[in-house]
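Enquirer: Numbering of the sequence shown is given in the UniProt record's numbering, commencing with residue 1 and proceeding in unit increments.
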Amino acid sequence: MKIGIVTLPFNSNYGGILQAYAMQSVLKKMGHKVLTVNRTSKGESWMFKTLSFGKRFVQRYCFGKKVVVRTWPTKKEATLIAQHTRKFIDEHIELTNYLNSEKDFKTLQEQKFDAWVVGSDQVWRPKYSPEIANHYLGFLPQNEGSKKISYAASFGVDSWEYSNKETAACKKLIEQFDAVGVRELSGIDLCEKYFNIKADQFLDPTMLVEKEEYIQLVENDNLPMHNKKLLTYILDRNPRVLKMVEMVEKQLGFESFSTMPKNFFRNVGRKELDQCICPKVTEWIKGFMDAEFVITDSFHGTVFCIIFNKPFFALGNKKRGMSRFTTLLKIFGLEDRLITEIDDSIELKLQGKIDFDRVNKILDTEKKRSIDYLRASLNS
């Protein structure tokens, strides 16, 4: 069967890249030919750039503030920043022809796919989806005959972010799906309440791939081992979070390390471009392999702690969506690893142990259930 996958536009998000890799890996093992829709994020609008540039120009040259005037990279700079992550995508994920715009989705009809899979990641969150109807296969003609399913599709949050117009359009489209699988328990409720559709919850695709497959990817790159033992994969760094890292370092006697770029273009600009280059995807994975403890505010960071059986703290991030964490941790009985307040109780929580034998048994059960759903939905 020839299957097309619709997920979020590619950028240098490690979790987004690895869920796309895993989705293909699972489907290929079932014997299917698989292509993922190839597009990238378009970045900020010209209006935003103009206003931002003007404001920062005045701050720097009229008021003497040390700010970066141009906070977005040129195409050449962006290519340099994403050189390692893009290399992984090109080598490990089979793609359709590149789509320059959302309108180009209609050209995919020419490739005659037998089935479409929407997911995973936050494909059903409007703020991350350039044209939300395309993530409900709105680019396909009505009754064109292909099988349509979603797998671990995420709304990202447990509240409704669609306009009335978007709700009506997407409700009509999802009614044409043969099966609906979401990633969060809250997604089941949202589908029922706003689409009147029955959905089931399944694991993120990264958890369907055996740990040994990730290890093989890393070993193929022959990377050196990290000497430090406390991995911090934190997307939203602030003084409060950094204070917590110091507390954990002191309590465990570990030094911390990170697998993120040293800095971001919006902070340092072109003069320190080398600091903004994203590490290899395999370096990111190896961080979890080598760590003895992990602090992360990332959903996929938490996922890889579970995959590699690493004790961790997951920092709740309401802005990015709490339901993603609560569902994941509830499935594995790890609710106590979610940190919403940084206080002295951290030291007590560090003494708690995770029963990874129990966690791994749950993972095996949920993995089988998730793969069975994919196989049955595509073959029915």
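Each residue gets a CB set at the ideal place from its N, CA and C atoms; glycine is no exception.
Taking just the CA atoms, how far does residue 72 sit from residue 93?
Expert: On the sequence shown, position 93 is the one that residue 93 refers to. On the sequence shown, position 72 is the one that residue 72 refers to. Between residue 93 and residue 72, the C-alpha separation is close to 27 Å.
Enquirer: On the DSSP letters alone, give me the boundaries of the alpha helix (DSSP H) that residue 323 sits inside.
Expert: Taking the first residue of the sequence shown as 1, we reach residue 323 at position 323. Its alpha helix (DSSP H) spans residues 323-331.
Enquirer: Suppose contacts are defined by Cβ-Cβ distances below 7 Å. Is residue 131 in contact with residue 102 by that definition?
Expert: Within the sequence shown, the letter at position 131 stands for residue 131. Within the sequence shown, the letter at position 102 stands for residue 102. Yes, Cβ-Cβ distance for residue 131 and residue 102 is below 7 Å.
Enquirer: Can you have a look at residue 58 and say buried or exposed, based on whether 16 or more other CB atoms are within 10 angstroms of its CB?
Expert: Counted from its first residue, the sequence shown places residue 58 at position 58. Exposed, by the Cβ-count rule.
Enquirer: Less than 7 Å between C-beta atoms, sequence neighbours within five positions excluded: which residues of the same chain meet that for residue 185?
Expert: The sequence position of residue 185 within the sequence shown is 185, counting from 1. So the qualifying residues of the chain are 201, 327.
Enquirer: Leaving out five residues before and five after residue 264 in sequence, what residues of the same chain have Cβ atoms less than 8 Å from its Cβ?
Expert: Along the sequence shown, one-based indexing puts residue 264 at 264. Excluding residues within five positions, the ones whose Cβ falls inside 8 Å are 276.
Enquirer: Among residues of its own chain, excluding the 5 on either side of residue 283, which ones have a beta-carbon nearer than 7 Å to its beta-carbon?
Expert: Here the question's residue 283 lines up with position 283 in the sequence shown. Here the set comprises 223, 259.
Enquirer: May I ask you to list the residues that DSSP assigns as paired with residue 2?
Expert: Within the sequence shown, the letter at position 2 stands for residue 2. Answer is 33, bridged to residue 2.
Enquirer: Could you tell me how far apart the beta carbons of residue 246 and residue 255 are, in whole angstroms, since I believe they sit closer than 8 Å?
Expert: Along the sequence shown, read from residue 1 onward, the residue named residue 246 stands at position 246. Along the sequence shown, read from residue 1 onward, the residue named residue 255 stands at position 255. Residue 246 to residue 255, Cβ: 11 Å. No contact.
Enquirer: Return yes when the Cβ of residue 350 is within less than 7 Å of the Cβ of residue 314, no when it is not.
Expert: Against the sequence shown, residue 314 aligns to sequence position 314. Against the sequence shown, residue 350 aligns to sequence position 350. It is not a contact, given that the beta carbons lie outside the stated cut-off.
Enquirer: How about the region 132-144 and the region 295-308: do they share at least three Cβ pairs that are nearer than 8 Å?
Expert: No, the region 132-144 does not touch the region 295-308.
Enquirer: Buried or exposed: which applies to residue 298, given that a residue is buried once 16 or more other Cβ atoms fall within 10 Å of its Cβ?
Expert: In the sequence shown, the residue the question calls residue 298 occupies position 298. Buried.
Enquirer: Going by DSSP, which residues form a beta bridge with residue 201?
Expert: As a working mapping, residue 201 is identified with position 201 in the sequence shown. Looking at the DSSP assignment, residue 201 forms a beta bridge with 182.
Enquirer: Look up residue 162 in the DSSP assignment and say whether it is helix, strand or coil.
Expert: As a first step, residue 162 must be located in the sequence shown, where it is residue number 162. Reduced to three states, the DSSP call for residue 162 is coil.
Enquirer: Helix, strand or coil for residue 133, going by three-state DSSP, please let me know.
Expert: For the purposes of this step, residue 133 is identified with residue 133 of the sequence shown, where counting begins at 1. In the structure shown, residue 133 sits in a helix (DSSP, three-state: H, G or I).
Enquirer: Roughly how many whole angstroms lie between the Cα atoms of residue 330 and residue 6?
Expert: By 1-based counting over the sequence shown, the position of residue 330 is 330. By 1-based counting over the sequence shown, the position of residue 6 is 6. Approximately 27 Å, taken between the alpha carbons.
Enquirer: Give me the residue from 181, 212, 287 with the minimum Cα distance to residue 197.
Expert: By 1-based counting over the sequence shown, the position of residue 197 is 197. The shortest Cα separation from residue 197 among 181, 212, 287 belongs to 181.
Enquirer: Between which two residues does the alpha helix (DSSP H) holding residue 242 run?
Expert: Within the sequence shown, numbered from 1, the residue matching residue 242 stands at position 242. It spans 239-252 - the alpha helix (DSSP H) in which residue 242 sits, taken as one unbroken run.
Enquirer: Please list, in chain order, all residues of the same chain as residue 119 whose beta carbon is under 6 Å from its beta carbon, the five residues on each side excluded.
Expert: Mapped onto the sequence shown, residue 119 falls at position 119. Only 150, 151, 152, 153 meet the Cβ criterion.
Enquirer: Using CA coordinates, which residue listed in 372, 317, 358, 88 is at the minimum distance from residue 334?
Expert: Along the sequence shown, read from residue 1 onward, the residue named residue 334 stands at position 334. Checked all of 372, 317, 358, 88; the closest Cα to residue 334 is 358.
Enquirer: Considering only the beta carbon of each residue, do residue 157 and residue 8 sit closer than 7 Å?
Expert: Walking along the sequence shown from the start, residue 157 turns up at place 157. Walking along the sequence shown from the start, residue 8 turns up at place 8. Cβ atoms of residue 157 and residue 8: not closer than 7 Å.
Enquirer: Use the C-beta contact count for residue 121: other C-beta atoms within 10 angstroms, 16 or more gives buried, fewer gives exposed.
Expert: Here residue 121 corresponds to residue number 121 of the sequence shown, with the count starting at 1. By the neighbour-count rule (16 or more Cβ atoms within 10 Å), residue 121 is buried.
Enquirer: Would you say the region 19-32 touches the region 207-223, given that touching needs at least three Cβ pairs under 8 Å?
Expert: A contact exists between the region 19-32 and the region 207-223.
Enquirer: State buried or exposed for residue 46, treating a residue as buried only when at least 16 other CB atoms are found within 10 Å of its CB.
Expert: Start at 1 with the first residue of the sequence shown, and residue 46 comes out as number 46. Under this definition residue 46 is an exposed residue.
Enquirer: Within the same chain, show all residues whose beta-carbon is closer than 7 Å to that of residue 266, passing over the 5 residues directly before and after it, in chain order.
Expert: The residue you call residue 266 lines up with position 266 of the sequence shown. Within the same chain, residue 266 has close Cβ partners 68, 71.
Enquirer: Residue 113 by DSSP, collapsed to three states: which one?
Expert: Within the sequence shown, residue 113 is the residue found at index 113, counting from 1. Coil at residue 113, not helix or strand.
Enquirer: Let me make sure I understand the geometry here. Which of 15, 12, 115 has the alpha-carbon closest to that of residue 2?
Expert: In the sequence shown, the residue the question calls residue 2 occupies position 2. Ranking 15, 12, 115 by Cα distance to residue 2 puts 115 first.
Enquirer: Here's the rule I'm using: 16 or more other beta-carbon atoms within 10 Å means buried, otherwise exposed. How should residue 86 be labelled?
Expert: Residue mapping note: residue 86 aligns to position 86 of the sequence shown, counting from 1. Buried: at least 16 other Cβ atoms inside 10 Å.
Enquirer: In terms of alpha-carbon separation, which member of 107, 96, 97, 169 lies closest to residue 126?
Expert: Taking the sequence shown and counting its residues from 1, the one referred to as residue 126 is at position 126. Among 107, 96, 97, 169, the Cα nearest to that of residue 126 belongs to 169.
Enquirer: Which of the three DSSP states, helix, strand or coil, is assigned to residue 355?
Expert: In the sequence shown, counting from the first residue as 1, residue 355 sits at position 355. DSSP places residue 355 in coil when its eight states are reduced to three.
Enquirer: Roughly how many angstroms lie between the CA atoms of residue 361 and residue 211, to the nearest whole one?
Expert: Working through the sequence shown from its first residue, we reach residue 361 at position 361. Working through the sequence shown from its first residue, we reach residue 211 at position 211. Each residue's alpha carbon lies about 14 Å from the other.
Enquirer: At which residues does the beta strand (DSSP E) containing residue 69 begin and terminate?
Expert: In the sequence shown, counting from the first residue as 1, residue 69 sits at position 69. Unbroken run through residue 69: none, as it is neither H nor E.
Enquirer: Buried or exposed: where does residue 363 fall if 16 or more other Cβ atoms within 10 Å of its Cβ makes it buried?
Expert: For the purposes of this step, residue 363 is identified with residue 363 of the sequence shown, where counting begins at 1. Result: buried.
Enquirer: Taking buried to mean at least 16 other C-beta atoms within 10 Å of its own C-beta, is residue 62 buried or exposed?
Expert: Within the sequence shown, numbered from 1, the residue matching residue 62 stands at position 62. By the neighbour-count rule (16 or more Cβ atoms within 10 Å), residue 62 is not buried but exposed.
Enquirer: Relative to the C-alpha of residue 269, which residue among 90, 286, 81, 51 is closest?
Expert: As a first step, residue 269 must be located in the sequence shown, where it is residue number 269. Residue 81 is the option with its Cα nearest to residue 269.
Enquirer: Whose CA, out of 372, 32, 66, 129, lies closest to the CA of residue 39?
Expert: Against the sequence shown, residue 39 aligns to sequence position 39. Residue 39 has its Cα closest to that of 129, out of 372, 32, 66, 129.
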